[in-house]
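Structure first, commentary second.
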Amino acid sequence: MTTREELHALIDRVPDDDIDTVAQSLRPFVEETSRPARPAFIGMGRSGHSDTSARADEILRETGFGE
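Here the numbering used here is used: position 53 in the sequence shown is 56, and no number is missing along the way.
Printed below as a string of structure tokens:
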């Protein structure tokens with residue numbers, strides 16, 4: 004008997020009074036976890052400048068990017 008088959012057999016043996024509790028304990032394994040809208044690392048590199056996008060070429064020149 005596979006583990007999946009054993010699990011089905013166990014579920015079939017759960018008393019009706021306990022079925023909600025068993026279902027509740029299994030849900031975390033099959034439901035998608037809620038994730039934050041953005042990864043936690045977004046915003047880690049805040050420069051304090053509000054014009055970073057407008058100054059992108061200047062910033063890249065200063066760092067020597069592309070040389």
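Beta carbons are placed, not taken as given, at the ideal position from N, Cα and C, and that holds for glycine.
Just so we're clear, the structure is a prediction, and the values are computed from it rather than from any experiment.
For residue 64, does the three-state DSSP call read helix, strand or coil?
Here residue 64 is taken as the residue at index 61 of the sequence shown, counted from 1. Residue 64: helix per DSSP, three-state reduction.
Determine the extent of the alpha helix (DSSP H) in which residue 18 is found, giving its start and end residues.
Indexing the sequence shown from 1 puts residue 18 at position 15. Looking at the DSSP string, residue 18 is not in any alpha helix (DSSP H), and its letter there is neither H nor E.
Residue 67 to residue 32, Cα distance in whole Å?
Position 64 of the sequence shown, counting from 1, holds the residue named residue 67. Position 29 of the sequence shown, counting from 1, holds the residue named residue 32. If I take the Cα positions, the gap works out to 49 Å.
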